Amino acid sequence: MHTNVPNDILSGFTVAVIALPLALAFGVASGLGAEAGMWAAICGGILVGLFGGSNTGVSGPTGPKVVQLAAIIAATKLATGEPDVVFAMSMVFLSGLICIALALMKIGRFIYYTPYSVVSGFMCGIGVIIILLEIPPMLGFATPNSVIGAIKQIPFDIMHEKPHALIVSLATFFTILLWPRVTKKQWLPAPLLGLIVGTSIAHGFGFEDIEFIGSMPVGLPHLYIPDFSRFGDMIGGAFALAGLCIFDSLLTCLVADNMTGERHNSDREIFGQGIANIGCGLVGGVTTATATMRTVANI
Numbered sequence: 051m052h053t054n055v056p057n058d059i060l061s062g063f064t065v066a067v068i069a070l071p072l073a074l075a076f077g078v079a080s081g082l083g084a085e086a087g088m089w090a091a092i093c094g095g096i097l098v099g100l101f102g103g104s105n106t107g108v109s110g111p112t113g114p115k116v117v118q119l120a121a122i123i124a125a126t127k128l129a130t131g132e133p134d135v136v137f138a139m140s141m142v143f144l145s146g147l148i149c150i151a152l153a154l155m156k157i158g159r160f161i162y163y164t165p166y167s168v169v170s171g172f173m174c175g176i177g178v179i180i181i182l183l184e185i186p187p188m189l190g191f192a193t194p195n196s197v198i199g200a201i202k203q204i205p206f207d208i209m210h211e212k213p214h215a216l217i218v219s220l221a222t223f224f225t226i227l228l229w230p231r232v233t234k235k236q237w238l239p240a241p242l243l244g245l246i247v248g249t250s251i252a253h254g255f256g257f258e259d260i261e262f263i264g265s266m267p268v269g270l271p272h273l274y275i276p277d278f279s280r281f282g283d284m285i286g287g288a289f290a291l292a293g294l295c296i297f298d299s300l301l302t303c304l305v306a307d308n309m310t311g312e313r314h315n316s317d318r319e320i321f322g323q324g325i326a327n328i329g330c331g332l333v334g335g336v337t338t339a340t341a342t343m344r345t346v347a348n349i
């Protein structure tokens with residue numbers, strides 16, 4: 051048990067400040083809303099912190115997992131066009147059970163056989179997907195349902211971009227990009243400052259023609275009881291979610307090990323992720339994994 055309580059509190063506060071805007075953004079990108087990202091950050095932070103296998107890892111919604119879940123949600127929408135939330139949460143819950151089963155089978159050791167070129171290709175591919183999917187919202191249009199849809203939509207969006215949305219997007223982007231270059235202060239993370247600057251511009255100049263996240267729910271979350279009546283339809287997606295969760299989490303743990311000189315427990319980390327994803331499936335959070343940026347900030 052660590053005894054440096056003041057530093058632990060400061061580190062926890064810093065990571066929470068970084069995690070909040072990212073969690074809200076990932077929730078929106080998933081198609082389930084900002085609150086889904088918030089609950090995922092809470093489940094990941096608390097449950098993996100208690101049951102995980104890394105002393106420095108911080109869990110919550112991540113870019114790769116959100117891209118994957120968004121594709122699943124887009125492909126399983128109800129006839130009304132709304133997300134099938136119960137189906138999605140049941141799949142997230144099931145992915146947590148799969149993670150626990152794989153942890154008990156002790157498959158974590160195989161992460162050490164992964165070539166670095168695979169890691170590089172994986173991260174670059176996910177980065178490109180996120181960029182393509184976020185260009186339309188940056189220009190003031192809805193997020194497309196697929197990468198191909200985004201590529202087809204981008205030329206039209208560029209020709210008909212909404213100036214106010216573009217101003218807010220660019221102000222936020224350049225704040226996040228340039229803030230670490232102009233100051234070494236760690237007490238105000240770039241993502242938080244970007245959130246403050248972009249929101250201030252939107253409200254300060256009265257940009258009412260752009261979409262806002264809206265009000266966040268208060269109190270306890272809605273409880274989703276898993277429904278496995280369509281087990282055959284969700285098992286493939288659940289395995290995919292679990293597989294990426296394990297891969298994403300253990301790669302981040304390797305990064306943390308290289309920075310700290312410690313060695314994480316892979317199987318325990320997978321078990322912790324399973325518990326966290328079960329929690330997300332129950333309270334309506336997007337799926338979680340160990341997050342590289344938040345882990346590095348914690349270290």
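Numbering (my numbering), first residue to last: 51 to 349.
No residue lacks a Cβ here, since even glycine has one placed at the ideal position from N, Cα and C.
Since this is a predicted model, take the numbers as computed values, not measurements.
{"Asked": "By Cβ distance, which residues of its chain are closer than 7 Å to Met51, with the 5 residues on each side in sequence left out?", "Found": "Residue confidence for Met51 is low, a pLDDT of 49 falling below 50, so the modelled location carries little weight and cannot support an answer."}
{"Asked": "Can you have a look at Arg344 and say buried or exposed, based on whether 16 or more other CB atoms are within 10 angstroms of its CB?", "Found": "buried"}
{"Asked": "Counting only runs that start and end within the segment 74 to 109, where is the alpha helix (DSSP H) found for 4 or more residues in a row?", "Found": "84 to 93"}
{"Asked": "I need the straight-line Cα distance from Gly87 to Pro165, nearest angstrom please.", "Found": "31 Å"}
{"Asked": "Can you list, in chain order, the residues of its chain with a C-beta nearer than 7 Å to that of Asp259? Leave out the 5 residues immediately preceding and following it.", "Found": "Lys212, His214"}
{"Asked": "Evaluate His314 with the Cβ neighbour count: other Cβ atoms within 10 Å of its Cβ, from every protein chain shown; 16 or more gives buried, anything less gives exposed.", "Found": "buried"}
{"Asked": "My output table needs one value for Thr340: the three-state DSSP class, helix, strand or coil.", "Found": "strand"}
{"Asked": "Using a 10 Å radius around the Cβ and a threshold of 16 neighbouring Cβ atoms, would you call Met309 buried or exposed?", "Found": "exposed"}
{"Asked": "My understanding is that Ala120 touches Ala79, with C-beta atoms under 8 Å, so please give their C-beta distance in whole angstroms.", "Found": "6 Å"}
{"Asked": "State the DSSP-derived secondary structure class of Arg231, mapped to helix, strand or coil.", "Found": "helix"}
{"Asked": "At the level of alpha carbons, what is the spacing between Val218 and Leu227?", "Found": "14 Å"}
{"Asked": "Take Phe137 and list the residues in its own chain whose beta-carbon comes closer than 6 Å to its own, dropping the five residues that flank it on each side.", "Found": "Thr126"}
{"Asked": "My guess is that Ala339 and Ile148 are in contact by the Cβ rule of under 8 Å, so how many angstroms apart are they, rounded?", "Found": "In fact, because the Cβ distance is near 14 Å, the residues do not count as touching under 8 Å."}
{"Asked": "So, under 8 Å CB-CB, Ala91 and Pro111 are touching, yes? Tell me the CB distance rounded to an integer number of Å.", "Found": "6 Å"}
{"Asked": "Taking the alpha carbon of Leu183 as the point to measure from, which residue in Phe76, Ile275, His210 has its own alpha carbon closest?", "Found": "Phe76"}
{"Asked": "Could you tell me whether the Cβ atoms of Asn327 and Ser145 are closer together than 7 Å?", "Found": "yes"}
{"Asked": "Within 10 Å of its beta-carbon, does Ser167 have 16 or more other beta-carbons around it, so buried, or fewer, so exposed?", "Found": "exposed"}
{"Asked": "My output table needs one value for Met51: the three-state DSSP class, helix, strand or coil.", "Found": "Any reading at Met51 must be qualified, since the residue scores a pLDDT of 49, below 50, and its modelled position is unreliable; no value is offered."}
{"Asked": "Could you tell me whether the segment 245 to 262 touches the segment 274 to 286, where touching means 3 or more Cβ pairs closer than 8 Å?", "Found": "no"}
{"Asked": "Assign Thr249 to one of three DSSP states: helix, strand, or coil.", "Found": "helix"}
{"Asked": "Please classify Phe224: is it buried, with 16 or more other beta-carbons within 10 angstroms of its beta-carbon, or exposed?", "Found": "exposed"}
{"Asked": "In angstroms with no decimal places, state the Cα-to-Cα distance between Ala200 and Gly175.", "Found": "15 Å"}
{"Asked": "Helix, strand or coil: which one does DSSP assign to Val168?", "Found": "helix"}
{"Asked": "Do Ser316 and Ile161 come within 7 Å of each other at the CB atom, strictly closer than that value?", "Found": "yes"}
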